[in-house]
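Heads up: the structure comes next, in structure tokens.
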Ligand code: ATP
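Numbering (UniProt numbering), first residue to last: 44 to 462.
Structure follows, in structure tokens:
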């Protein structure tokens, strides 16, 4: 971001209202712009005061999210309206998404045909096509992860044995990679960021729900990347149930990585089942690497062949062989070629009984706070604990100062100052 700063405090310009949600590094609150009366969502993100600090997200990471949001202008992608920054916090003033989570909306329906589900999927695909045409990958497309398994490990999860390299994994706190932190570097023994078993907020929401044709909105570009020509990008970030095999295998990532996630989302949407869910998180990851999934007859009996074909062309191990977003949009399931295909979609339905069960289970957030606290601790510790010299940096001023700093003393950064 350019350094030109305007003056002003976020609260001078916006009235802060109730909490809308929270992520790993802060909260999101509804707010009202004092000058216009328009409502927005203010996302507060704690940033590290210095490299290696235990508290907060690396500032460059938030700046990358902001820089990406600024390049985007699409009706199905959340817009950034304003930005404030202080030494220890950044506030992203975002378009308010008022329709709640897509899956909650769907779960309220008595019945849903594939045709109706495709209306949402088509919107997701058009937004993703837009992103990918700009060489931007989201890398965290997800609806919430499935059932919290009572016996699953909490906090950071170990990868399947063959992917680990003992010695670098701290007990209980396996190292975690940051996006971009491992460009062209050898594979580290790291593990994905998010515990598979914790209910995750979904990153696909609805602009408004009480309208005839609700519009989806993709949010949370925290892991998004602009892919540069000629350089490979590797990362182990993501949410286990949605990550592609190349993430786990620490191979180069591409826009195809998002297409795998769309395959998983479609599978869940149609059946209420998560395709790779194992008894444990490690098993889930092993299933992904092995590409082990099936269309269980009991859950897919009402599903059309075209829908299964669509998923089969996305849950492909080799990224280059997956359909692109543009190809998905002309797949006959999305864009029927004949009247017969169109009728099939209308008559095939979503397994609503299973879907509702899935949605109810995901609402089970009994241990959510504990999991996210553990996760936060894990991330903080690992982000600064990978190298010995970072140990010294841990004792920096930020850790004390962040606690006592006044979060609202934020300087405004004007939209135009960032490019
Ligand atoms: P994560 O920990 O998954 O990285 P995060 O810190 O990046 O999360 P977001 O996912 O952007 O935070 O937001 C957290 C939650 O806040 C969302 O799941 C959603 O419920 C709510 N939220 C975020 N942005 C908006 C918005 N623009 N309008 C309404 N609610 C929002």
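The beta carbon of each residue, even a glycine, is placed where N, CA and C say it ideally should be.
All of these numbers come straight from a predicted model, not from anything done at the bench.
**Asked** Roughly how many angstroms lie between the CA atoms of residue 398 and residue 290, to the nearest whole one?
**Response** 27 Å
**Asked** Does the beta-carbon of residue 309 have 16 or more other beta-carbons within 10 angstroms, so that it is buried, or is it exposed?
**Response** buried
**Asked** Is any heavy atom of the ligand ATP found at a distance shorter than 7 Å from the C-beta of residue 297?
**Response** no
**Message:** I believe residue 256 touches residue 120 by the beta-carbon criterion, under 8 Å. Please report the beta-carbon distance rounded to the nearest angstrom.
**Reply:** That belief does not hold up - the Cβ atoms of residue 256 and residue 120 are roughly 17 Å apart, past 8 Å.
**Residue nearest to residue 146 in terms of C-alpha spacing, selected from 364, 118 and 164** = 164
**Message:** Within a Cβ cutoff of 6 Å, which residues of the same chain sit near residue 172, ignoring the five residues on either side of it in sequence?
**Reply:** 368 and 369
**Asked** Just curious, the alpha helix (DSSP H) that residue 464 is in, first and last residue?
**Response** The structure shown does not extend to residue 464, since the chain is modelled only from 44 through 462, so no value can be given for it.
**Prompt:** Cβ atoms of residue 69 and residue 87: under 8 Å apart, would you say?
**Reply:** yes
**Request:** Starting from the Cα of residue 403, find the closest Cα among 151, 313, 366 and 78 and give me that residue.
**Result:** 151
**Prompt:** What separation, rounded to the nearest whole angstrom, lies between the Cα atoms of residue 335 and residue 52?
**Reply:** 52 Å
**Prompt:** Taking just the CA atoms, how far does residue 66 sit from residue 441?
**Reply:** Unreliable positioning characterises residue 441 in this predicted model, as indicated by a pLDDT of 36, which lies under 50. The coordinate reading is nonetheless provided below. Each residue's alpha carbon lies about 21 Å from the other.
**Request:** Label residue 300 either buried or exposed according to how many other C-beta atoms from any shown protein chain fall within 10 Å of its C-beta, with 16 as the threshold for buried.
**Result:** buried
**Asked** Touching or not, the stretch 105 to 117 and the stretch 153 to 168, by the rule of three or more beta carbon pairs under 8 Å?
**Response** no
**Neighbourhood of residue 130 by C-beta, 7 Å cutoff - its chain only, sequence neighbours within 5 removed** = 92
**Item:** Where residue 76 sits in the DSSP three-state scheme
**Value:** strand
**Asked** What span of residues does the alpha helix (DSSP H) with residue 326 cover, start to end?
**Response** 324 to 333
**Prompt:** Below 8 Å between beta carbons: does that hold for residue 381 and residue 185?
**Reply:** no
**Item:** Proximity of residue 183 and residue 281 at Cβ, strictly below 8 Å
**Value:** yes
**Asked** Going by alpha carbons, who is nearest to residue 488 out of 375, 352, 366 and 345?
**Response** It is not possible to answer for residue 488, since the shown part of the chain is limited to 44 through 462.
**Message:** Give me the DSSP bridge partner(s) of residue 125.
**Reply:** 136
**Asked** Can the beta-carbon of residue 180 be found less than 8 Å from the beta-carbon of residue 270?
**Response** yes
**Prompt:** Does the beta carbon of residue 116 fall short of 7 Å from some heavy atom of the ligand ATP?
**Reply:** no
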